[in-house]
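See below for the structure under consideration.
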Ligand SMILES: Cc1cc2nc3c(=O)[nH]c(=O)nc-3n(C[C@H](O)[C@H](O)[C@H](O)COP(=O)(O)OP(=O)(O)OC[C@H]3O[C@@H](n4cnc5c(N)ncnc54)[C@H](O)[C@@H]3O)c2cc1C
Ligand code: SF4
Ligand code: SF4
Ligand code: FES
């Protein structure tokens, strides 16, 4: 292939969501030549949809709140496979990260004393689980993600960050030494393909909820970063762990925040019974998300679901009164009117557990550096590559994320990666030149689609993939179904390799983007299926009918999946970090709420 | 149902054309216009439009539906179509890139012009800056803007002077920072808006208010900026 036009930067950040823009801000402020490359205009990134809050022990609602309690809750929430050094770091610097956002201008809701308003969220407690519910989620009404993302974008404009908006990252360019020297990207408006060369490449591409037929995720959440990493030979970790949010609007999939329950709402079955009192007597509706989601499905399976098909339950808010709903949950009111045709001040909202968040991702250390595993089972850093935000697995969420911890993860590790890159540049890390064929490798799948002349349609194949995942990798999983799906997905891979892109035009060709995204959805789906089948236990969000108990002897560890070897050699394991620096480690215990 | 959709691919088409497409709508469900676009795209993948959140919060899919600007993802067919017909066009007044996709450069440039970030050069406290709830309340109706451009592209003053008139979206954000009790750059912000065009081109036609999918009121914000400018002039 002819040489591609080349652009050069110190740091390129793929993704303009909360994680990407927090990292970019750090780099741009330090004067490095920084670009954010994003397939959507930055404020249209999925972070904008986050509703309920961002967790940190800033002690506004409760002056005694302590980041160690937050750490305990996060470790417990993770069902003990979150890395304790990373969780310690996130929770301890959390308050500072919130104050930074406020200083940048983020419009948080305020308390009577003028401090940042904090609301209760699921799984957050006081005094190491013994002091009752904690109010720890810092909120801007129920538009926290919008407020956060716009604030970060505004501050990036101020700092002079270069934005490559509506550019699509195709694949990483890895040189002979296994070092990442940039990526191949496509300018959507012109169709031009460019080699973007950088000393540090940061993947901040967000989640992949679109592997499921219904999800709370935006249409752009297609796991592109996961696909890019797997094709480049890097592993993904704990990818079987998918969070189902208890309150997705029935049929639409659109989320209503856990903040609804934080503000005093609760779930009822068709008989109007507040059933969570039976499943989680203490925390009730604010138990861990995995616990609430399973309880809801149990109610439905036992015939107590609401509606003509008994296929959902109801979220009751009307008792909170019009004023609280209007003041604290204005966005929810809009969404439920539009998508459920109910006014929550008068009627309950029909909800079902819905795919929401990818706990797994590209393994990294606390600086965001991507890790791989070398022959002796030890970790090794991949040169030139970082991952942050939902696409990464650092791992602070383990097998189940606590609400309001993702936005915190974005800003804490976005900043940490920025700082690390700054240091690396100061120590003189330079560009790594790839060979022409390394660049060619990164354009291969683009060429494949461009040369396709016949075959199945992208839309049909995507629908099939999404249905397989929805049916077989839901809240409850069974070995038989998962094994069958692994076969179905392998077939699908062959069919996708022969699928057809009919529209070959250059300018703003969204059909081409959807084809490229389908490759990524497939990578994520296959990884999920293979690892989910391999993890023969139930832990956090991964609940199996055939292995119903947690198995700490064999599975108190991360799963590690390499695309090239998994089919033959199976899934690898990686140790969980149990050695925080300043506190005693939290030992695995039975998880009750 | 018959859908008329604006088509233009600069590589193939000399000039834009309207294409009529037929689609069977599922019974008993009121789809959103975006759902219909997705159904059409499954038939003809070459139709281009922007979309992401599909819930009215990201601002990607501002388009013109039967003559009215709005977000495709939260506009039900029952509301957008009349007598079984629906015409979909790109937002008016901005250059068309392809089909329903417009070039938003001018729109973003106006936003960038109003210094869209908080200015406060006093050293920050160790914790957050305090802000009383009644001061925070002043940001409601302002900070929620999703930059969808439905308002500015419905504004005749913006059509005529997209380079000089900041437009309703930009001015709403200009006021968002003027109204923030934490911001210290009021004088500079007003000085930058004093010329005859930036603010004063607004003719109070209120198109912006009637189309804003988030129910925001740029005209009111513009009125507030005007009175700040005028009282400062005295
Ligand atoms: C409805 C909803 C509500 C939520 N509410 C909360 C909450 O209240 N609190 C909380 O903590 N968490 C919440 N979450 C989770 C949280 O919002 C997400 O995990 C988080 O926003 C992800 O941010 P990110 O920066 O990693 O990625 P995103 O915001 O998803 O951004 C990804 C970026 O990558 C870019 N990108 C992707 N692929 C490519 C490519 N191939 N080429 C170029 N660019 C690419 C995109 O353009 C985008 O800019 C919520 C999630 C959902 C779905
Ligand atoms: S009120 Fe002003 S800004 Fe709004 S549409 Fe009319 S002229 Fe434009
Ligand atoms: S003011 Fe309303 S219409 Fe205008 S850009 Fe903002 S959200 Fe869109
Ligand atoms: S797709 Fe986000 S606003 Fe319509």
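Chains as they are written, first to last, in the numbering used here: chain U, 22 to 614; chain B, 1254 to 1487. Built from N, CA and C at the ideal position, the CB exists for glycine as well.
Residue 524/U: contacting residues in chain B (beta-carbon distance under 7 Å): Chain-order list of chain B residues neighbouring residue 524/U: 1298 and 1299, by C-beta distance under 7 Å.
Any chain B beta carbon closer than 9 Å to residue 218/U: No, residue 218/U does not count as interfacial toward chain B.
Interface flag, residue 1318/B vs chain U, CB-CB below 9 Å: Not an interface residue.
9 Å Cβ cutoff met for residue 156/U and residue 1310/B: No, the Cβ-Cβ distance between residue 156/U and residue 1310/B is not below 9 Å.
Span of the beta strand (DSSP E), counted from its first residue to its last, around residue 1259/B: Residue 1259/B -> beta strand (DSSP E) spans 1255-1260.
Exposed unless 16 or more other CB atoms sit within 10 angstroms - verdict on residue 463/U: Buried, since its Cβ has 16 or more Cβ neighbours within 10 Å.
Same chain, Cβ closer than 8 Å to residue 1435/B, neighbours up to 5 away in sequence not counted: Closer than 8 Å at the Cβ level, and outside the excluded window around residue 1435/B, lie 1371, 1373, 1382 and 1384.
CB contact check: residue 333/U to chain B, cutoff 9 Å: Chain B contact via Cβ: absent.
Buried or exposed (CB count within 10 angstroms, at least 16 for buried), residue 255/U: By the neighbour-count rule (16 or more Cβ atoms within 10 Å), residue 255/U is buried.
For residue 386/U and residue 183/U, the rounded distance between their alpha carbons: Answer to the nearest angstrom: the Cα atoms are 27 Å apart.
Where residue 190/U sits in the DSSP three-state scheme: Strand at residue 190/U.
Short CB-CB distance (under 9 Å) between residue 556/U and chain B: So no, residue 556/U is outside the interface.
Minimum Cβ-Cβ distance from residue 1417/B to chain U less than 9 Å: It does not: the Cβ of residue 1417/B has no partner Cβ on chain U nearer than 9 Å.
Check: residue 1404/B C-beta below 8 Å from any heavy atom of ligand 2: Placement of the Cβ of residue 1404/B at a distance of less than 8 Å from at least one heavy atom of ligand 2 is found.
Which listed residue (144/U, 211/U and 273/U) has its alpha carbon closest to that of residue 699/U: Nothing in the structure corresponds to residue 699/U, since chain U is present only between 22 and 614.
Partners in chain D for residue 91/U, counting only beta-carbon separations shorter than 7 Å: Among the chains of the structure shown, chain D does not appear; the protein chains present are U and B.
Under 9 Å (Cβ pairs) to chain B, residues found in the region 348-375 of chain U: Along the region 348-375 of chain U, going in chain order, the ones with a CB nearer than 9 Å to a CB of chain B are 351, 352, 355, 356, 359, 360 and 362.
Beta-carbon proximity of residue 265/U to residue 311/U, cut-off 9 Å: Yes, they are a contact pair.
Residue-chain proximity (residue 120/U, chain B), Cβ-Cβ < 9 Å: With 9 Å as the cut-off, residue 120/U counts as an interface residue toward chain B.
Meets three-Cβ-pair contact criterion under 8 Å: the region 89-102 of chain U and the region 597-605 of chain U: Yes: at least three Cβ pairs fall under 8 Å.
Residue environment, residue 1463/B, which counts as buried when at least 16 other CB atoms sit within 10 Å: By the C-beta density criterion, residue 1463/B is exposed, having fewer than 16 other C-beta atoms within 10 angstroms.
Close-in-space but distant-in-sequence residues of the same chain around residue 1340/B (CB under 7 Å, 5 per side omitted): Counting only Cβ-Cβ distances below 7 Å, and skipping sequence neighbours, we find 1257 and 1319.
Residue 153/U (DSSP reduced to helix, strand or coil): Looking at residue 153/U - three-state DSSP - the assignment turns out to be coil, as it is neither helix nor strand.
Chain B contacts made by the region 121-146 of chain U, where a contact means CB separation under 8 Å: With the criterion set as a beta carbon lying under 8 Å from some beta carbon of chain B, the members of the region 121-146 of chain U are 123, 124, 125, 126, 128, 129, 130, 131, 132, 133, 134, 135, 136 and 137, in sequence order.
Proximity test, Cβ basis, 9 Å: residue 175/U and chain B: At a cut-off of 9 Å, the C-beta of residue 175/U has a neighbouring C-beta in chain B.
Buried or exposed by the 16-neighbour rule on C-beta atoms within 10 Å, applied to residue 22/U: Any answer about residue 22/U is weak, because its pLDDT of 49 lies below 50 and its placement is not dependable; what the coordinates show is given next. Exposed: under 16 other Cβ atoms inside 10 Å.
Ligand 4 heavy atom lying under 8 Å from the CB of residue 1312/B: Correct: residue 1312/B has its Cβ closer than 8 Å to ligand 4.
Residue 399/U, buried or exposed, once every other Cβ within 10 Å from all chains shown has been counted against 16: Label assigned to residue 399/U: exposed.
Limits of the beta strand (DSSP E) - the one that residue 1273/B falls within: Taken as a continuous stretch (DSSP letters only), the beta strand (DSSP E) holding residue 1273/B covers 1270-1275.
Chain-ordered residues of the region 1272-1284 of chain B with a beta carbon less than 9 Å from chain U: Correct list: 1282 and 1283.
Within chain U, the residues that residue 1410/B reaches when beta carbons sit closer than 8 Å: Chain order gives no chain U residues near residue 1410/B, where near means a beta carbon separation below 8 Å; the closest approach is about 24 Å.
Residue range of the alpha helix (DSSP H) that includes residue 105/U: Segment 105-125, the alpha helix (DSSP H) holding residue 105/U.
Any non-hydrogen atom of ligand 2 closer than 8 Å to residue 1471/B Cβ: Because some heavy atom of ligand 2 lies under 8 Å away, the Cβ of residue 1471/B counts as near it: yes.
9 Å Cβ cutoff met for residue 61/U and residue 1305/B: With contacts defined as CB atoms closer than 9 Å, residue 61/U and residue 1305/B qualify as a contacting pair.
Exposure label - residue 1281/B; buried when at least 16 CB within 10 Å: Taking all protein chains shown into account, residue 1281/B has fewer than 16 neighbouring C-beta atoms within 10 Å of its C-beta and is therefore exposed.
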